[in-house]
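Q: Shown below is the structure under consideration.
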Amino acid sequence: MGNCFPNPVDNFSSTNKISTPVDFVSGEKKKGPVIRKQPSAVEGGGDESGGGGREAVVPASGNIVTPNLRCYTYSELRSATRNFRPDTVLGEGGFGRVFKGWVDGETYAPSKVGIGIPVAVKKSNPDSPQGLKEWQAEVKFLGKFSHPNLVKLVGYCWEDREFLLVYEYMQKGSLENHLFKKGAEPLSWSTRMKIATGAAQGLDFLHTTEKTVIYRDFKSANILLDSDLNAKLSDFGLAKLGPANGESHVSTGVVGTYGYAAPEYIATGHLYVRSDVYGFGVVLLEMITGLRVLDTNRPSSEHNLVDWARSSLADKRKLRKIIDPRLENDYPSKGTVKAAELILSCLESDPKNRPSMEEVLVRLQEISAIKTKPRETKVHASQPTGPHRDRHYHSARQSPLHVKNGGGRANQLSPMRSY
Ligand SMILES: Nc1ncnc2c1ncn2[C@@H]1O[C@H](COP(=O)(O)OP(=O)(O)O)[C@@H](O)[C@H]1O
Ligand SMILES: [Mg+2]
Numbered sequence: 043m044g045n046c047f048p049n050p051v052d053n054f055s056s057t058n059k060i061s062t063p064v065d066f067v068s069g070e071k072k073k074g075p076v077i078r079k080q081p082s083a084v085e086g087g088g089d090e091s092g093g094g095g096r097e098a099v100v101p102a103s104g105n106i107v108t109p110n111l112r113c114y115t116y117s118e119l120r121s122a123t124r125n126f127r128p129d130t131v132l133g134e135g136g137f138g139r140v141f142k143g144w145v146d147g148e149t150y151a152p153s154k155v156g157i158g159i160p161v162a163v164k165k166s167n168p169d170s171p172q173g174l175k176e177w178q179a180e181v182k183f184l185g186k187f188s189h190p191n192l193v194k195l196v197g198y199c200w201e202d203r204e205f206l207l208v209y210e211y212m213q214k215g216s217l218e219n220h221l222f223k224k225g226a227e228p229l230s231w232s233t234r235m236k237i238a239t240g241a242a243q244g245l246d247f248l249h250t251t252e253k254t255v256i257y258r259d260f261k262s263a264n265i266l267l268d269s270d271l272n273a274k275l276s277d278f279g280l281a282k283l284g285p286a287n288g289e290s291h292v293s294t295g296v297v298g299t300y301g302y303a304a305p306e307y308i309a310t311g312h313l314y315v316r317s318d319v320y321g322f323g324v325v326l327l328e329m330i331t332g333l334r335v336l337d338t339n340r341p342s343s344e345h346n347l348v349d350w351a352r353s354s355l356a357d358k359r360k361l362r363k364i365i366d367p368r369l370e371n372d373y374p375s376k377g378t379v380k381a382a383e384l385i386l387s388c389l390e391s392d393p394k395n396r397p398s399m400e401e402v403l404v405r406l407q408e409i410s411a412i413k414t415k416p417r418e419t420k421v422h423a424s425q426p427t428g429p430h431r432d433r434h435y436h437s438a439r440q441s442p443l444h445v446k447n448g449g450g451r452a453n454q455l456s457p458m459r460s461y
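Per the working numbering, the very first residue in the sequence shown carries number 43; after that it's consecutive.
Next up, the structure:
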């Protein structure tokens with residue numbers, strides 16, 4: 043029999059922590075390409091430190107709700123996914139694998155494959171203390187929020203060493219797959235801006251909600267797309283309450299994903315709300331170039347997209363050469379210039395100089411309003427340089443940092459490896 047929370051979980055009350063029978067292990071090990079440094083005693087989203095002290099500012103489009111999560115048994119989820127059959131795998135991260143399963147469309151009761159509505163079932167590696175911590179953080183944060191740009195958590199299962207999560211199914215998968223997977227249908231400029239705006243709205247909601255939440259793992263693999271290509275943030279395993287009482291940051295062990303994590307956080311363990319804004323800038327750069335932030339299959343000077351692209355972002359003529367050729371020149375020049383300015387401001391090394399997500403949203407709306415002029419498609423045509431000149435490699439081969447191997451943990455980086 044599984045363990046269900048007796049009452050709706052109040053994920054946001056410091057007096058009402060989710061209790062589990064398992065002691066949480068100090069320090070963090072994170073999925074995929076992970077940064078780990080200076081383990082701290084209380085870590086991850088399960089930590090209540092730093093919360094409170096902010097006025098409740100909940101945008102009209104989002105809400106904090108009393109969660110009504112369904113508690114599933116392991117055997118229910120096993121049958122809903124046909125015994126976690128490999129052909130139902132939707133994706134994989136460091137936490138474990140994500141399977142497609144089926145539940146009743148109204149009650150969310152487990153169903154048989156093909157009957158009812160599809161859901162995504164994330165199954166942790168039973169022996170991973172980190173999997174348990176991330177599971178708890180997801181229930182704590184995602185289980186509490188209702189927002190059009192956050193994936194809905196439907197329920198959970200906690201049974202012996204098995205920890206699973208059940209989410210709404212996101213038909214079009216991750217942004218990462220759309221940008222980088224071989225054979226993926228290219229996304230138009232306007233769709234890219236729509237996705238960026240949706241993801242920014244999700245992040246803005248987290249930053250301005252009752253108690254500030256820092257997402258900590260903003261990256262293209264964690265942005266999921268529904269059937270209409272609306273973006274929703276998923277994977278709240280590293281989410282953390284933000285600073286309170288006038289503090290500028292929270293001090294914490296360093297986790298996240300190389301390439302996307304902000305430099306001040308990697309260097310000092312000081313996590314700012316605007317550390318998330320850095321990650322947003324990286325993803326926006328991936329979106330306009332169609333290139334992964336880190337790819338060691340590229341020549342060494344181009345391994346890190348941020349380092350390589352920085353000078354081109356500040357130069358209109360060079361900028362044209364780094365725009366994703368799969369856009370086939372169908373984009374507004376002025377829009378790319380404004381997007382490049384926005385990216386550079388998000389990538390500022392001092393978090394104080396980065397815009398808030400609210401400001402990012404305003405600027406994205408302005409960018410989205412700029413339309414391609416009919417003559418522009420011809421004007422843009424020029425020889426690509428840098429990673430685009432032999433583009434085949436990036437879609438054909440994944441960055442080693444994203445290579446999945448077994449449980450997806452083979453890419454964990456050693457704790458102090460330089461950024
Ligand atoms: N709700 C969902 N609908 C469809 N695919 C999903 C869903 N959740 C996750 N996936 C797929 O599984 C991958 C890993 O999921 P994620 O929640 O990021 O796991 P992890 O915590 O292990 O990183 C995603 O990048 C995506 O491809
Ligand atoms: Mg993930």
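For glycine and all other residues, C-beta sits at the position ideal for the given N, C-alpha and C.
If you follow the beta strand (DSSP E) that Leu275 is in, where does it begin and where does it stop?
A: The residue given as residue 275 occupies position 233 in the sequence shown. It spans 273 to 275 - the beta strand (DSSP E) in which Leu275 sits, taken as one unbroken run.
Q: Please report the straight-line C-alpha distance between Leu361 and Ser387, rounded to a whole angstrom.
A: Numbered from its first residue, the sequence shown carries residue 361 at position 319. Numbered from its first residue, the sequence shown carries residue 387 at position 345. Just so you know, the alpha carbons of Leu361 and Ser387 end up roughly 16 Å apart.
Q: Taking only the alpha-carbon atoms, compute the straight-line gap between Cys46 and Cys113 and give it to the nearest angstrom.
A: Stepping through the sequence shown from its first residue, residue 46 is reached at position 4. Stepping through the sequence shown from its first residue, residue 113 is reached at position 71. Straight-line measurement puts the Cα of Cys113 at about 6 Å from the Cα of Cys46.
Q: For the alpha helix (DSSP H) containing Pro171, list its first residue and its last residue.
A: Here residue 171 corresponds to residue number 129 of the sequence shown, with the count starting at 1. Run containing Pro171: 171 to 183, per the alpha helix (DSSP H) assignment.
Q: Only counting the same chain, and skipping five residues up and downstream in sequence, which positions put a Cβ closer than 8 Å to that of Leu384?
A: Residue numbering aside, residue 384 sits at position 342 when the sequence shown is read from its first letter. The residues are Gly323, Leu326, Pro397, Val402, Arg405, Leu406, Ile409.
Q: Report yes or no: do three or more beta-carbon pairs, one from the stretch 213 to 231 and one from the stretch 177 to 187, lie closer than 8 Å?
A: no
Q: One question on the structure: do Gly332 and Leu192 come within less than 8 Å of each other, judged by their Cβ atoms?
A: By one-based count along the sequence shown, residue 332 stands at place 290. By one-based count along the sequence shown, residue 192 stands at place 150. Taking 8 Å as the Cβ cut-off, Gly332 and Leu192 do not qualify as a contacting pair.
Q: According to DSSP, simplified to helix, strand and coil, what is Leu221?
A: The sequence position of residue 221 within the sequence shown is 179, counting from 1. Of the three classes helix, strand and coil, the one that applies to Leu221 here is helix, per DSSP.
Q: Indicate the three-state DSSP secondary structure (helix, strand or coil) for Leu283 in the structure shown.
A: Along the sequence shown, one-based indexing puts residue 283 at 241. If DSSP states are grouped into helix, strand and coil, Leu283 belongs with the strands.
Q: Would you check if the stretch 196 to 216 and the stretch 261 to 271 touch, i.e. whether three or more CB-CB distances between them fall below 8 Å?
A: yes
Q: Quick check: the stretch 252 to 262 against the stretch 282 to 291, are there 3 or more CB pairs under 8 Å?
A: yes
Q: Going straight from the alpha carbon of Val99 to that of Leu184, what length do you get?
A: For this step, residue 99 is matched to residue 57 along the sequence shown. For this step, residue 184 is matched to residue 142 along the sequence shown. With a pLDDT of only 31 at Val99, under the threshold of 50, the placement of this residue in the model should not be trusted, and no figure is reported.
Q: Answer yes or no: do Ala328 and Leu347 have a C-beta to C-beta separation smaller than 8 Å?
A: The residue given as residue 328 occupies position 286 in the sequence shown. The residue given as residue 347 occupies position 305 in the sequence shown. Reading the sequence as shown, one finds Glu at residue 328 and not Ala. Against a cut-off of 8 Å, the Cβ pair of Leu347 and Glu328 comes out as a contact.
Q: For the putative contact between Val163 and Phe187, defined by C-beta atoms under 8 Å, what is the C-beta separation to the nearest angstrom?
A: Here residue 163 refers to the residue found at position 121 of the sequence shown. Here residue 187 refers to the residue found at position 145 of the sequence shown. Contact doesn't hold; Cβ gap of about 20 Å is too wide.
Q: Within a Cβ cutoff of 7 Å, which residues of the same chain sit near Pro152, ignoring the five residues on either side of it in sequence?
A: Counted from its first residue, the sequence shown places residue 152 at position 110. Tyr114, Glu118, Leu119, Ser121, Ala122, Val145.
Q: Relative to ligand 2, what is the chain-ordered list of residues with a Cβ closer than 5 Å to any of its non-hydrogen atoms?
A: Gly135, Asn264, Asp277
Q: So for Asn395, helix, strand or coil by DSSP?
A: Residue numbering aside, residue 395 sits at position 353 when the sequence shown is read from its first letter. If DSSP states are grouped into helix, strand and coil, Asn395 belongs with the helices.
Q: Looking at C-alpha atoms only, which residue of Gly156, Thr310, Leu206, Leu271 is the closest neighbour of Glu227?
A: Numbered from its first residue, the sequence shown carries residue 227 at position 185. Selected option, being the one with the closest Cα: Leu271.
Q: So, does the stretch 305 to 317 touch the stretch 287 to 295, judging by three or more C-beta pairs under 8 Å?
A: yes
Q: Say the cut is 7 Å; is the CB of Lys164 nearer than that to a heavy atom of ligand 1?
A: Here residue 164 is taken as the residue at index 122 of the sequence shown, counted from 1. At least one heavy atom of ligand 1 is nearer than 7 Å to the Cβ of Lys164, so yes.
Q: Please determine, among Asp318, Gly295, Val161, Leu336, the residue with the shortest C-alpha to C-alpha distance to Phe393.
A: Indexing the sequence shown from 1 puts residue 393 at position 351. Here the sequence assigns Pro to residue 393, which means Phe is not the residue at that position. With distances taken between Cα atoms, Pro393 lies closest to Asp318.
Q: Quick one: does the C-beta of Asn219 sit closer than 7 Å to a heavy atom of ligand 1?
A: Position 177 of the sequence shown, counting from 1, holds the residue named residue 219. True, at least one ligand heavy atom lies under 7 Å from that Cβ.
Q: Looking at the unbroken alpha helix (DSSP H) that takes in Ser353, where does it start and where does it end?
A: Here residue 353 is taken as the residue at index 311 of the sequence shown, counted from 1. Counting along the chain, the alpha helix (DSSP H) containing Ser353 begins and ends at 347 to 355.
Q: Given Arg340, which residues of its chain have a CB within under 6 Å of its CB, disregarding the five upstream and five downstream residues?
A: Counted from its first residue, the sequence shown places residue 340 at position 298. Counting only Cβ-Cβ distances below 6 Å, and skipping sequence neighbours, we find Pro429.
Q: Rounded to the nearest angstrom, how far is the Cβ of Pro367 from that of Ile412, given a contact under 8 Å?
A: The residue given as residue 367 occupies position 325 in the sequence shown. The residue given as residue 412 occupies position 370 in the sequence shown. That belief does not hold up - the Cβ atoms of Pro367 and Ile412 are roughly 20 Å apart, past 8 Å.
Q: Quick one: is the Cβ of Met329 within less than 7 Å of any heavy atom of ligand 1?
A: Translated into positions along the sequence shown, residue 329 becomes position 287. No, the Cβ of Met329 stays beyond 7 Å of every heavy atom of ligand 1.
Q: What is the DSSP secondary structure of His430, reduced to helix, strand or coil?
A: In the sequence shown, the residue the question calls residue 430 occupies position 388. His430 falls in the helix class under three-state DSSP.
Q: As a quick exercise: from Phe260, Leu275, Phe278, pick the residue whose alpha carbon is nearest that of Tyr302.
A: As a first step, residue 302 is located in the sequence shown; it is residue number 260 there, counting from the start. Nearest C-alpha to Tyr302: Phe260.
Q: By how many angstroms is the C-alpha of Ala241 removed from the C-alpha of Asn110?
A: In the sequence shown, counting from the first residue as 1, residue 110 sits at position 68. In the sequence shown, counting from the first residue as 1, residue 241 sits at position 199. Taking the straight line from one Cα to the other gives about 25 Å.
Q: How long is the line joining the alpha carbons of Ala309 and Ser216, rounded to whole angstroms?
A: As a first step, residue 309 is located in the sequence shown; it is residue number 267 there, counting from the start. As a first step, residue 216 is located in the sequence shown; it is residue number 174 there, counting from the start. Going by the C-alpha atoms only, they are around 29 Å apart.
Q: Counting C-beta neighbours from all protein chains within 10 Å, is the total for Arg127 16 or more, i.e. buried, or is it exposed?
A: In the sequence shown, the residue the question calls residue 127 occupies position 85. Exposed, since its Cβ has fewer than 16 Cβ neighbours within 10 Å.
Q: What does the Cβ neighbour count give for Ser343, buried or exposed, with the cut at 16 atoms within 10 Å?
A: Reading the sequence shown from its first residue, position 301 is the one you call residue 343. Ser343 should be labelled exposed.
Q: Tell me whether Val64 sits in a helix, a strand or coil according to DSSP, three-state version.
A: As a first step, residue 64 must be located in the sequence shown, where it is residue number 22. Residue confidence for Val64 is low, a pLDDT of 26 falling below 50, so the modelled location carries little weight and cannot support an answer.
Q: What number of angstroms, rounded off, separates the C-alpha of Gly143 from the C-alpha of Val161?
A: In the sequence shown, the residue the question calls residue 143 occupies position 101. In the sequence shown, the residue the question calls residue 161 occupies position 119. Roughly 5 Å separates the two Cα atoms.
Q: Tell me, to the nearest whole angstrom, how far the beta carbon of Arg364 is from that of Ala351; I am working on the premise that it is less than 8 Å.
A: Residue mapping note: residue 364 aligns to position 322 of the sequence shown, counting from 1. Residue mapping note: residue 351 aligns to position 309 of the sequence shown, counting from 1. The sequence as given places Ile at residue 364; Arg does not occur at that position. Confirmed, about 6 Å.
Q: So, is Arg139 buried or exposed, given that buried needs 16 or more other C-beta atoms within 10 angstroms?
A: One-based indexing of the sequence shown puts residue 139 at position 97. So Arg139 ends up on the buried side.
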